[in-house]
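The numbering of the sequence shown is my numbering, which starts it at 991 and goes up by one. Notes follow the structure.
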Amino acid sequence: MMSLLSDIVHSQRKVDKTSVLRLVASELRNQHIFGDSIKCRHLETWSSAILKFFDLIGGFMLAVTCMGRICNVSHNVQEKL
């Protein structure tokens, strides 16, 4: 499954199985929604600064396509559910 992930996702530290499954699911979802039109590979990861900002303001990020499909959600949305 690690071969399905982009080079940006690979890191020096060990990645647990749950993170790999989550990242692969995100990659497959993005490929299904955007197809070959997506060239930017940063949608699978959230920078620590952005996540700290969301924690500070108590919010989360939700990315939606023009058709209304949810294509990406920040991890801290679980706290609001």
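Don't be surprised by glycine CBs; every beta carbon is placed ideally from N, CA and C.
If you follow the beta strand (DSSP E) that residue i is part of, which residue opens it and which one closes it?
i, result
"arginine 1020", "A small correction: the amino acid at residue 1020 is asparagine; arginine does not occupy that position in the sequence shown. From DSSP, asparagine 1020 is part of no beta strand (DSSP E) but of the alpha helix (DSSP H) over 1007–1024."
"valine 1063", "1060–1063"
"valine 1054", "1052–1054"
What residue does the alpha helix (DSSP H) around residue i start on, and which one ends it?
i, result
"phenylalanine 1044", "1038–1047"
Name the residue from the options whose alpha carbon lies nearest to the alpha carbon of residue i.
i, options, result
"glutamate 1069", "Gly1048, Ser1009 and Val1054", "Gly1048"
"glycine 1058", "Leu1011, Ile1023, Ile1040 and Thr1008", "Ile1023"
Are the Cβ atoms of residue i and residue j separated by less than 9 angstroms?
i, j, result
"valine 1067", "phenylalanine 1050", "yes"
"arginine 1019", "cysteine 1056", "no"
"leucine 1046", "histidine 1065", "no"
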